[in-house]
Structures are given as structure tokens and as C-alpha cells.
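Chains as they are written, first to last, in my numbering: chain A, 33 to 329; chain B, 737 to 1030.
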């Protein structure tokens, strides 16, 4: 049996103890992030511990299970609720407000593409295949600061198993540190979390190589993810320390079934984390905290 | 049991008086740890600070008549059932925000002190397994966490708790790394580091609860001194508190699952997550409404 047939089964799972609440806290590093661009919270310190995509260059790998948000290792598990707040970097900072967040399952990654290797085939080694799902979306995460707007394509196997597919030209962006989205849809703007694919393709099973045509001056990982839930946190949490003392803040709480149709499945072995688009400005030195509740049938 | 409709809920409250509000107020006895959870059981306030006075390594059941202090929730109502309608919380402290406040029903605890903390090895617990007649039959839905009672000594050993699951089968938690010199009330299995679990100890795969605590196993370098409390609780709900002085209210009538149940005898207590280190003397206020029908 898989999933829930009705509301009663869904709520009975909680009564029967088939539920888990876990809590996470991620503190963004001090390097400035780009307004309206994405960051990868998994890269930053906290609980779970930071995930730097530090493994053999260009070789497919899974992130450590312990570096994903903890959930029990059970089958047919679903997201029941996610609740987050974002703590400001200082008493006066407001730049971490208005974040679009997406809970993702990190499926597989390829680390340490060199964006200065112009004209080189950076061939990957697919030592593992996708551990969950048939295919996924690709995010591009900086593993260092970068100094220039580069250009690259990547060659991949699409959702139907067709190899040799080539992406459109992708522009990188100048970032101040690792953990930030390294790609922009066009030079200098147009941020989007997922890399564009060839016409007609919806997702990616594996990546074969990366080719830079313009140097970007940094290192980056390509990560295949499965998006689970997108939500929004509106206001930063902070307390002023001078003048009329005032407190600010809000929480975002999203219930499956009530706020969205159904409940996203969290597959056994999932490495959960959050990517975020900071619309208010830099997310540097801000902290995202949250709870995540799952149920299983 | 429960409410047959929204009309029934309104009638039970407005005509039959089957309704009440409970408040809790706590003052933190020590500074918290950034990124960790704190148990408010030994904080002064309403109810009074618990001292966890039982003998070591013996499971002590608690309920709403616990001699060390418990919140009054209107007493037993069987065959009716009592349910939360809403809850609110606020915190006032110079540092520590934002916070999460989680309500738990404290089913019982095991105290470890003296050489049961300052030496490693297996510490066998005496407990009668929870059966079908327990507040949570066979321990269904119960979770565990471990807190410091008073300041804990240096060193950070690893720890596993062995237990029996709801079917009576042996299980063991994931190994966690304790917290050196934890402040009073801190949950020593929580924090922002490897091998920390927030806020509950992970159970074996597929387990849905704990019917019996069998032993606590310390490894590595033992804590230099201190007392810890292993809690067995049922998680109830969580409230986010974004900043000092802000009061946040959560509705359980229109939630899913809705109307969390307050079993007869529930000993409702609170644990708190702090993003920063909450200041000593910080205050926590929680209130909740409940009603019963049937």
C-alpha cells in the first residue's frame, strides 16, 4: 500500500505515531549574495551540517545523508507541514525579507567544474546513477567566489534516456562566495533556479560534460534535484536597539492538503534541503530556521 | 467523543461550558545555547520548577497530578475527549530570537546522575512497559530527548538509548553526541553540529513510538559531572515566535490534522528552540484553549 486514500487515513497517521517533526537551522556565510538570485542553504553551517559538495571532481556523487534535513528512513512518507522564519543579520538589516524558498531532494551532483577551462571538455564520470526519481532539474552552485561572467553549455542525458543533448548557452554571474547560484539566464540578471534544457526536454538523468566558452573565474557544482514544495517567507525577524524599540518578523507555515493539493512524497533516502531566492537583498549572515513534519502510511 | 460538527463544538462551549484556557509562564534559569533546544520543565514559573526528584535509572510516570507541578487542564472528562482549539506564545529576552515553542505531553522521565553520567557504559533502566491502557497505548507516537538538569560537566560523550517499540521489539536510537558543559535545561542531543538531532532522538527505521526504555549507553569520554533527564513525550504542536515581545496565535480548529487531543491525565509542558543564545531570565508565555464534547 502506498499513500493515503482519504483525509481520515492522512490524519490517523499522526494519531498512530507515523509522523516525525524535525527542526533545522542554517546560517548564511558573511559573503554578500545577489539580490533576487538563488542560494543553496545546504551549503551553509548549522543543522544539518554544511554540504560543500566536496568529493572527487567531476564524479557523480550523493551528498551525505547526514547533511540533509533529517527525516526517518521509511517508505511512503509525505510532507505534512513546513514552517520557517528568517533571522536578520543585524537589528537594522531588512535584506533577508521576501524570500522564495523551495524544499528540494538533492539527488546527485558533480563537483568542481572549473569555469576558467575555456575550450576544454570537462567530462564527468558517472560512477553512480540517479538514486531516486527518473530524472530531475539541474541547479548550478558556486563552490568559490567567481570573478567574471562566463558562458558554458552542458551535455546531458534527458528524461527519456537520450544522451548527447546540449543545453542552451548559460551565463554565469559574479558571486562573492560559495553556496550561491552560479548561473544567470542572461548576462547580469534574469535569475532562475534551474538550468535551461534543449527544446522539448523537461529534465535530466545524468550529465556528461561541461564546456566553457567564456571564462567565469570560479568553481561550481551541477546538482540534480527534485523540487518538492515552494513557499515564501515575508518578513525578517529582528528587534531594533535604538530609538523606539520595535520587533519585526513573521513565520511562513504551509500545510499540505489544506494549502496545496495533496502532499509531496519524500522518498526513502531523500537528502532534503532548501534553495532560496532573496528578493530583498543580500542574505549574508542571515539565518533560516524551520520545522518540517512528515507523515507516512 | 469529540465533536460531531461545528454546531456541536459551539454548543458544547457556549451552552455546556465545556471549555477552558490554560496559561504557562516560565523564566529561564540559564542562558540558552544558540541553535539548540531548551526544556522549560526546570524553569521557575507556572507550573513551578521541577526538580525531577526520582531515583536514578527508574522511569517515573507523570500526569496532571504530578507532585512536582503540572498545568491544570480541567481534569478528566472520559468518556468525552478533550481537544486543543488554539494556542499562543510569546518570548521576551534580549537575545535568542526567533524561537519555536513546542508543546509536549510529558509521559515520564528517567534521571541519571553521579556515576551514571560521569562514567561510560550501559546504564540499565527500570521501567514497566506501557501497555494498551496507557495514555498513549503501547507508547504509540512517543519520542525521547535528553536535557541537562543544572549545568553539565565538561566532555561530550556519544550516547544511544535502547528501547522497546510499540510491538515490544528491541530498538535503538541513532547515536548522538552530547553537549559539553550544557547549561541547565539544554537538550543535549540538539544543536548545530554533526550527530545532533533536533529535537527528538531518531528511532529505528519504521518505529512509531516507545513502549519501554531499556538502557542508556554512554561511550567515549564521559561527562565530568552533572545530571541529565531522559524524557518520554508525545509531541503536540509548535508555535513560531519571530521576535521578542511578539505574540503568535495558532488555530487548531481549521488545521489538518485538527483538534489535537489532550488525553485525560496529560502533563503538558514545553520545549523551546532558540536561534541565538537566549538570555538568562528571559521569559516565555504560552496559553492554550481547549474544549471537550461527547
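Cβ coordinates follow ideal geometry from the N, Cα and C atoms, glycine included. Keep in mind the model is a prediction, meaning the values are calculated, not measured.
Q | Coil, strand or helix - residue 874 (chain B) by DSSP | A | Counting from one through the second chain, the residue named residue 874 (chain B) turns up at place 138. Three-state DSSP puts residue 874 (chain B) in a helix.
Q. Between the stretch 914 to 930 of chain B and chain A, which residues of the former have a C-beta closer than 9 Å to a C-beta of the latter?
A. Within the stretch 914 to 930 of chain B, the residues whose Cβ lies closer than 9 Å to some Cβ of chain A are 926, 927, 928, 929 and 930, listed in chain order.
**Q.** Three-state secondary structure (DSSP) of residue 852 (chain B)
**A.** Here residue 852 (chain B) corresponds to residue number 116 of the second chain, with the count starting at 1. Correct three-state label for residue 852 (chain B): helix.
**Q.** CB of residue 916 (chain B) within 8 Å of CB of residue 891 (chain B), strictly
**A.** Numbered from 1 along the second chain, position 180 holds the residue referred to as residue 916 (chain B). Numbered from 1 along the second chain, position 155 holds the residue referred to as residue 891 (chain B). Taking 8 Å as the cut-off, the beta carbon of residue 916 (chain B) is found closer than this to the beta carbon of residue 891 (chain B).
Q) For residue 58 (chain A), which residues from the same chain have a beta carbon less than 6 Å from its beta carbon, with the 5 sequence-adjacent residues on both sides left out? A) By 1-based counting over the first chain, the position of residue 58 (chain A) is 26. Answer for residue 58 (chain A): 73, 76, 78 and 320, listed in chain order.
Q) Tell me which same chain residues have a C-beta within less than 6 Å of the C-beta of residue 755 (chain B), skipping the five on either side of it? A) Within the second chain, the letter at position 19 stands for residue 755 (chain B). Residues of the same chain with a CB within less than 6 Å of the CB of residue 755 (chain B), apart from the 5 flanking positions on each side, are 749 and 1027 in chain order.
Q) Do the CB positions of residue 970 (chain B) and residue 799 (chain B) come within less than 8 Å of each other? A) Looking up residue 970 (chain B) in the second chain gives position 234. Looking up residue 799 (chain B) in the second chain gives position 63. Contact flag unset, no.
(Q) Quick check: what's the CA-CA separation for residue 1021 (chain B) versus residue 147 (chain A)? (A) Sequence index remark: in the second chain, residue 1021 (chain B) carries index 285 (1-based). Sequence index remark: in the first chain, residue 147 (chain A) carries index 115 (1-based). When the Cα atoms are used, residue 1021 (chain B) and residue 147 (chain A) turn out to be separated by approximately 53 Å.
Q | Classification of residue 876 (chain B) by the beta-carbon crowding that lies within 10 angstroms, buried from 16 upward | A | As a position in the second chain, residue 876 (chain B) is number 140, starting the count at 1. Counting C-beta atoms within 10 angstroms of its own C-beta, residue 876 (chain B) has 16 or more neighbours from the protein chains shown and is therefore classed as buried.
Q: Using a cut-off of 7 Å between C-beta atoms, extract the partners of residue 971 (chain B) located in chain A.
A: If you number the second chain from 1, residue 971 (chain B) lands on position 235. Here the neighbours are 53.
Q.
Does residue 745 (chain B) come out as helix, strand or coil in the three-state DSSP assignment?
A. Counted from its first residue, the second chain places residue 745 (chain B) at position 9. If DSSP states are grouped into helix, strand and coil, residue 745 (chain B) belongs with the helices.
Q) Would you say residue 873 (chain B) faces chain A, with C-beta separation under 8 Å as the test? A) Residue 873 (chain B) sits at position 137 when you count from the first residue of the second chain. No, its Cβ sits nowhere closer than 8 Å to a Cβ of chain A.
Q.
Judging by CA-CA distance, which residue of B:747, B:858 and B:809 is the nearest neighbour of residue 1000 (chain B)?
A. Indexing the second chain from 1 puts residue 1000 (chain B) at position 264. Comparing alpha-carbon positions, the option among B:747, B:858 and B:809 lying closest to residue 1000 (chain B) turns out to be B:809.
Q. Hey, residue 110 (chain A) and residue 54 (chain A): beta-carbon distance below 8 Å or not?
A. As a position in the first chain, residue 110 (chain A) is number 78, starting the count at 1. As a position in the first chain, residue 54 (chain A) is number 22, starting the count at 1. Contact flag unset, no.
Q.
Please give the ranges of any alpha helix (DSSP H) in the stretch 818 to 865 of chain B, keeping only runs that are unbroken, at least 4 residues long and fully inside the region.
A. Scanning the stretch 818 to 865 of chain B for uninterrupted alpha helix (DSSP H) segments of 4 residues or longer gives 851 to 854, listed from N- to C-terminal end.
Q) At a Cβ cut of 7 Å, what residues of the stretch 99 to 130 of chain A count as close to chain B, listed as they run along the chain? A) Per Cβ criterion, the list reads 102, 104, 105, 106, 115, 117 and 119.
Q.
Given this structure, state the Cα-to-Cα distance separating residue 154 (chain A) from residue 189 (chain A), to the nearest angstrom.
A. Along the first chain, one-based indexing puts residue 154 (chain A) at 122. Along the first chain, one-based indexing puts residue 189 (chain A) at 157. Each residue's alpha carbon lies about 16 Å from the other.
Q: Specify the secondary structure class of residue 906 (chain B) as computed by DSSP and reduced to three states.
A: What you label residue 906 (chain B) is simply residue 170 of the second chain in a count that begins at 1. Reduced to three states, the DSSP call for residue 906 (chain B) is strand.
Q: Flag residue 834 (chain B) as yes if its beta-carbon sits less than 8 Å from any beta-carbon of chain A, otherwise no.
A: Residue 834 (chain B) sits at position 98 when you count from the first residue of the second chain. For residue 834 (chain B), the answer is yes, since a Cβ of chain A falls inside 8 Å of its Cβ.
(Q) If you reduce the DSSP assignment to three classes, tell me which class residue 175 (chain A) lands in. (A) Here residue 175 (chain A) corresponds to residue number 143 of the first chain, with the count starting at 1. Residue 175 (chain A) falls in the coil class under three-state DSSP.
**Q.** CA-to-CA distance, residue 964 (chain B) to residue 918 (chain B), given in whole angstroms
**A.** By one-based count along the second chain, residue 918 (chain B) stands at place 182. By one-based count along the second chain, residue 964 (chain B) stands at place 228. One C-alpha to the other measures close to 10 Å.
Q. Going along the chain, which unbroken runs of the beta strand (DSSP E) with 3 or more residues stay wholly within the stretch 42 to 83 of chain A?
A. Taking only runs of at least 3 residues, the beta strand (DSSP E) segments lying wholly in the stretch 42 to 83 of chain A are 51 to 59, 70 to 72 and 77 to 79.
Q.
Quick check: residue 705 (chain B) and residue 881 (chain B), are their CB atoms within less than 8 Å of each other?
A. Since the first residue of chain B shown is 737 and the last is 1030, residue 705 (chain B) is not available in this structure.
Q | Cβ-Cβ separation, residue 1018 (chain B) to residue 764 (chain B) (assumed contact under 8 Å), whole Å | A | Within the second chain, the letter at position 28 stands for residue 764 (chain B). Within the second chain, the letter at position 282 stands for residue 1018 (chain B). Right, the Cβ-Cβ distance comes to about 5 Å (below 8 Å), so this counts as a contact.
Q) In terms of residues, what are the limits of the beta strand (DSSP E) holding residue 760 (chain B)? A) The residue given as residue 760 (chain B) occupies position 24 in the second chain. Looking at the DSSP string, the run of the beta strand (DSSP E) that includes residue 760 (chain B) is 755 to 763.
Q | residue 129 (chain A) and residue 308 (chain A) closer than 8 Å at C-beta | A | Within the first chain, residue 129 (chain A) is the residue found at index 97, counting from 1. Within the first chain, residue 308 (chain A) is the residue found at index 276, counting from 1. No, Cβ-Cβ distance for residue 129 (chain A) and residue 308 (chain A) is not below 8 Å.
Q | beta strand (DSSP E) segments (min. 3 residues) lying fully within the stretch 201 to 289 of chain A | A | Under the rule that a run must span 3 or more residues, the beta strand (DSSP E) segments found entirely inside the stretch 201 to 289 of chain A read 202 to 204, 236 to 246, 251 to 265 and 284 to 287.
Q. Could you give the residue range of the beta strand (DSSP E) that holds residue 1026 (chain B)?
A. Position 290 of the second chain, counting from 1, holds the residue named residue 1026 (chain B). Where residue 1026 (chain B) is concerned, the enclosing beta strand (DSSP E) stretches over 1019 to 1029.
**Q.** Contact check, residue 988 (chain B) vs residue 935 (chain B), beta carbons under 8 Å
**A.** Numbered from 1 along the second chain, position 252 holds the residue referred to as residue 988 (chain B). Numbered from 1 along the second chain, position 199 holds the residue referred to as residue 935 (chain B). The beta carbons of residue 988 (chain B) and residue 935 (chain B) sit no closer together than 8 Å.
Q: List the residues of chain B that residue 163 (chain A) touches, going by C-beta distances under 7 Å, in chain order.
A: By 1-based counting over the first chain, the position of residue 163 (chain A) is 131. Neighbours of residue 163 (chain A) on chain B: none; closest Cβ ~17 Å, over 7 Å.
Q: Note the first and the last residue of the continuous beta strand (DSSP E) segment covering residue 1010 (chain B).
A: On the second chain, position 274 is the one that residue 1010 (chain B) refers to. Residue 1010 (chain B) -> beta strand (DSSP E) spans 1004 to 1010.
Q | chain B contact residues for residue 290 (chain A), given Cβ-Cβ distances below 9 Å | A | Your numbering for residue 290 (chain A) matches position 258 in the first chain. Result: 990, 991 and 992.
(Q) Please list, in chain order, the chain B residues whose beta carbon lies closer than 8 Å to that of residue 303 (chain A). (A) If you number the first chain from 1, residue 303 (chain A) lands on position 271. Ordered by position in chain B, no residue passes the 8 Å Cβ test against residue 303 (chain A), which lies about 15 Å from the chain.
Q. If we ignore side chains and look at the alpha-carbon of each, how far apart do residue 182 (chain A) and residue 61 (chain A) end up?
A. Within the first chain, the letter at position 150 stands for residue 182 (chain A). Within the first chain, the letter at position 29 stands for residue 61 (chain A). Going from the Cα of residue 182 (chain A) to the Cα of residue 61 (chain A) covers about 24 Å.
Q. Using DSSP with H/G/I as helix, E/B as strand and the rest coil, what is residue 751 (chain B)?
A. Here residue 751 (chain B) is taken as the residue at index 15 of the second chain, counted from 1. Note: residue 751 (chain B) maps to coil in three-state DSSP.
Q.
Counting only Cβ pairs nearer than 8 Å, list the residues of chain B close to residue 202 (chain A).
A. Locating residue 202 (chain A) in the first chain gives position 170, where the first residue counts as 1. None at all; the shortest Cβ gap to chain B is about 34 Å.
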